[in-house]
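A.B. asks:
Number of protein chains: 2
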Amino acid sequence: MANESAAKIIATLRQQGVRITTARRAVIAALVHTDGHVTAEDIATAVQADAPEIHLSTVYRTLESLEELGVVDHVHLGHGSAVYHLAANRHQHLVCENCKKVIHLPHGLVDKLARDIDARYHFTLRPHHFALIGLCEDCRET
Amino acid sequence: MANESAAKIIATLRQQGVRITTARRAVIAALVHTDGHVTAEDIATAVQADAPEIHLSTVYRTLESLEELGVVDHVHLGHGSAVYHLAANRHQHLVCENCKKVIHLPHGLVDKLARDIDARYHFTLRPHHFALIGLCEDCRET
DNA sequence: ATCTTTGCAAACTTTTTGCACCAAT
DNA sequence: ATTGGTGCAAAAAGTTTGCAAAGAT
């Protein structure tokens, strides 16, 4: 699970000619420290504990840039906000549509399906980019 | 592909004690006629061709009721609005994240994955409730 | 007559954008 | 000095809600 450090990410950005600002440092730090599905709002809150002037819209813009550079991914878990995580930390999500619980899956589980879909529809699945929705053990009994 | 007729759906509703109004008739008619991923807005537009006074919020409320009764499903295709379709017309969606093209899949394709996930995580996948995101043949070459 | 449903307007949530100022290179 | 990035406020986009009036039973 090659967990990229903040320093490494910043080096990558610098290499790409991206400017390293307080806001970007803070967003990266937040992403590195949480290690799993956070919303833009979550990140803003975390970041604003130290630097209250950093605006939510800056967080969105930073996440957008980081995504373009391949450093983060975002996933729509179904309802509400999208969640973001480091691309290095790629995984599947199983989301219970009743209690909203999230289960992480090893990313290989969907490989067979991805191959089938490629063979039959010439379509490349990007499985880390969506959540698998359903009912968890506790909720499915009703 | 047991395509339920409007009349049959209306009979079902009546049986459940749901009142049959102009708006509900119109929404059902729209769903029956389009047969594939329409947004609430699409339905409102279709419906308003005949009955301009039917409001978007009524469409939302009607869709919500129909969903509770098991007559329609809605799916989040990733970005933007959710799309609705008749539950009888259940299928998977493959959505190209680049050109937004939608490919319908037979609903059986994901069954193996659903069984694996059930066996290993005691989680019941509801595969028709989310889209599979990726890149279509035309877009993946870039 | 009753009680659900509707139309409307307004709120709400999440995300995006325009613009003048600021700061990293 | 340049030019990209930021803060702010305001707009978008999608969906939900409160309420009084209308309509189905």
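Quick mapping for you: the protein sequence lines, in order, are chains A and B.
By the count of my numbering, the first sequence reaches residue 142 at its end, each step adding exactly one.
By the count of my numbering, the second sequence reaches residue 284 at its end, each step adding exactly one.
The beta carbon of each residue, even a glycine, is placed where N, CA and C say it ideally should be.
Hey, B/A186 and B/V174 are a contact pair by Cβ (cut 8 Å); roughly how many whole angstroms apart?
C.D. replies: The residue you call residue 186 of chain B lines up with position 44 of the second sequence. The residue you call residue 174 of chain B lines up with position 32 of the second sequence. Between B/V174 and B/A186 the Cβ distance is about 16 Å, and since that is not below 8 Å, they are no contact.
A.B. asks: For A/E41, count neighbouring Cβ atoms within 10 angstroms of its own Cβ and tell me buried if that reaches 16, exposed if not.
C.D. replies: Position 41 of the first sequence holds residue 41 of chain A. A/E41 should be labelled exposed.
A.B. asks: Taking Cβ positions, are A/A82 and A/H74 nearer each other than 7 Å?
C.D. replies: By one-based count along the first sequence, residue 82 of chain A stands at place 82. By one-based count along the first sequence, residue 74 of chain A stands at place 74. Yes.
A.B. asks: In angstroms, rounded to a whole number, what distance separates the CA positions of B/N145 and B/L211?
C.D. replies: For the purposes of this step, residue 145 of chain B is taken as residue 3 along the second sequence, with counting starting at 1. For the purposes of this step, residue 211 of chain B is taken as residue 69 along the second sequence, with counting starting at 1. Low confidence applies to B/N145: its pLDDT is 49, below 50, so where it sits in the model is not reliable, and the reading given next is rough at best. Looking at the two C-alpha atoms, the distance is approximately 17 Å.
A.B. asks: I want to see whether chain A comes within less than 7 Å of B/E279, judged by CB atoms only; does it?
C.D. replies: The residue labelled residue 279 of chain B in the question sits at position 137 within the second sequence. Yes, contact with chain A.
A.B. asks: With distance defined between alpha-carbon atoms, name the residue in A/R120, A/I117, A/G108 and A/Y84 nearest to B/D258.
C.D. replies: In the second sequence, the residue the question calls residue 258 of chain B occupies position 116. Of the candidates A/R120, A/I117, A/G108 and A/Y84, the one whose C-alpha sits nearest the C-alpha of B/D258 is A/G108.
A.B. asks: The alpha helix (DSSP H) spanning A/V27 covers which residue range?
C.D. replies: The sequence position of residue 27 of chain A within the first sequence is 27, counting from 1. Where A/V27 is concerned, the enclosing alpha helix (DSSP H) stretches over T22 to T34.
A.B. asks: Just to make sure I have the definition right: I need the residues of chain A whose C-beta is within less than 9 Å of the C-beta of B/E239. Which are they?
C.D. replies: One-based indexing of the second sequence puts residue 239 of chain B at position 97. Correct list: R126 and H129.
A.B. asks: Comparing the C-beta of A/L31 with each C-beta of chain B, is any distance below 7 Å?
C.D. replies: Here residue 31 of chain A refers to the residue found at position 31 of the first sequence. Chain B, which has no Cβ nearer than 7 Å to the Cβ of A/L31, makes this no.
A.B. asks: Can you name, in chain order, every residue of its own chain whose Cβ lies under 6 Å from the Cβ of B/T181, other than the five neighbours on each side?
C.D. replies: Position 39 of the second sequence, counted from the first residue, corresponds to residue 181 of chain B. Contacts found: S223 and V225.
A.B. asks: Less than 7 Å between CB atoms is the rule here; does B/M143 satisfy it with respect to chain A?
C.D. replies: The count along the second sequence starts at 1 and reaches residue 143 of chain B at position 1. Note that B/M143 has pLDDT 42, beneath the 50 cutoff, so the model's placement of it is unreliable and no number is given.
A.B. asks: Just checking: is the beta-carbon of A/R140 within a distance shorter than 7 Å of some beta-carbon in chain B?
C.D. replies: Counting from 1 along the first sequence, the entry for residue 140 of chain A is found at position 140. Yes, A/R140 counts as interfacial toward chain B.
A.B. asks: Could you list the residues in the segment 196 to 230 of chain B with a C-beta less than 8 Å from some C-beta on chain A, going in chain order?
C.D. replies: Here the close residues are H218, G220 and H221.
A.B. asks: Against chain B, with Cβ distances strictly below 7 Å, would A/L13 count as a contact?
C.D. replies: Taking the first sequence and counting its residues from 1, the one referred to as residue 13 of chain A is at position 13. Not an interface residue.
A.B. asks: What would DSSP say about A/Q15, mapped onto helix, strand or coil?
C.D. replies: The residue you call residue 15 of chain A lines up with position 15 of the first sequence. Residue state, collapsed to three classes: helix.
A.B. asks: With A/G134 and B/R268 assumed to form a contact (beta carbons below 8 Å), what rounded beta-carbon distance in angstroms separates them?
C.D. replies: The residue labelled residue 134 of chain A in the question sits at position 134 within the first sequence. The residue labelled residue 268 of chain B in the question sits at position 126 within the second sequence. Sure, about 5 Å apart at Cβ, within 8 Å.
A.B. asks: Indicate whether A/H93 and A/A119 have their beta-carbon atoms separated by less than 7 Å.
C.D. replies: As a first step, residue 93 of chain A is located in the first sequence; it is residue number 93 there, counting from the start. As a first step, residue 119 of chain A is located in the first sequence; it is residue number 119 there, counting from the start. No, they are not a contact pair.
A.B. asks: Which runs of the alpha helix (DSSP H) spanning at least 4 residues fall entirely within the segment 32 to 110 of chain A, listed in chain order?
C.D. replies: Listed in chain order, the complete alpha helix (DSSP H) runs (minimum 4 residues) inside the segment 32 to 110 of chain A are 40 to 50 and 56 to 68.
A.B. asks: Between the C-alpha atoms of A/S5 and A/A23, what's the straight-line distance to the nearest angstrom?
C.D. replies: Numbered from 1 along the first sequence, position 5 holds the residue referred to as residue 5 of chain A. Numbered from 1 along the first sequence, position 23 holds the residue referred to as residue 23 of chain A. A/S5 and A/A23: Cα-Cα distance of roughly 17 Å.
A.B. asks: Between B/G276 and chain A, is there a C-beta pair that is closer than 7 Å?
C.D. replies: Within the second sequence, the letter at position 134 stands for residue 276 of chain B. Taking Cβ atoms only, chain A reaches closer than 7 Å to B/G276, which makes this a yes.
A.B. asks: Would you list the one or two residues that DSSP bridges to B/L277?
C.D. replies: To locate residue 277 of chain B, count along the second sequence from 1; it is residue 135. Partner(s): A/T124.
A.B. asks: Of the choices B/P248, B/C281 and B/I162, whose alpha-carbon is the least far from that of A/H122?
C.D. replies: Here residue 122 of chain A refers to the residue found at position 122 when the first sequence is read from its first residue. Considering only alpha carbons, the answer is B/C281.
A.B. asks: Comparing C-alpha positions only, which one of B/V169, B/L208, B/H246 and B/R161 sits nearest to B/Q190?
C.D. replies: Indexing the second sequence from 1 puts residue 190 of chain B at position 48. Nearest of B/V169, B/L208, B/H246 and B/R161 to B/Q190, Cα basis: B/V169.
A.B. asks: Answer with yes or no whether the minimum CB distance from B/H235 to chain A is below 7 Å.
C.D. replies: Translated into positions along the second sequence, residue 235 of chain B becomes position 93. Not one chain A Cβ lies under 7 Å of B/H235.
A.B. asks: Measuring CA to CA, which of A/V95, A/R61 and A/H85 is closest to A/L77?
C.D. replies: Here residue 77 of chain A corresponds to residue number 77 of the first sequence, with the count starting at 1. Out of A/V95, A/R61 and A/H85, A/V95 has the C-alpha closest to the C-alpha of A/L77.
A.B. asks: Starting from B/K242, find everything on chain A with Cβ-Cβ shorter than 7 Å and list it in chain order.
C.D. replies: Counted from its first residue, the second sequence places residue 242 of chain B at position 100. Correct list: empty, because the minimum Cβ distance to chain A is about 13 Å.
A.B. asks: Determine the direct distance from the alpha carbon of B/V252 to that of B/M143, and round the result to whole angstroms.
C.D. replies: Taking the first residue of the second sequence as position 1, residue 143 of chain B is located at position 1. Taking the first residue of the second sequence as position 1, residue 252 of chain B is located at position 110. With a pLDDT of 42 at B/M143, under the threshold of 50, the modelled position of that residue is not reliable, and the figure given next carries that caveat. Computed Cα separation, rounded: 18 Å.
A.B. asks: State the Cα-Cα distance for the pair B/Q158 and A/H129, rounded to the nearest angstrom.
C.D. replies: Residue numbering aside, residue 158 of chain B sits at position 16 when the second sequence is read from its first letter. Residue numbering aside, residue 129 of chain A sits at position 129 when the first sequence is read from its first letter. Cα-Cα distance, rounded: 39 Å.
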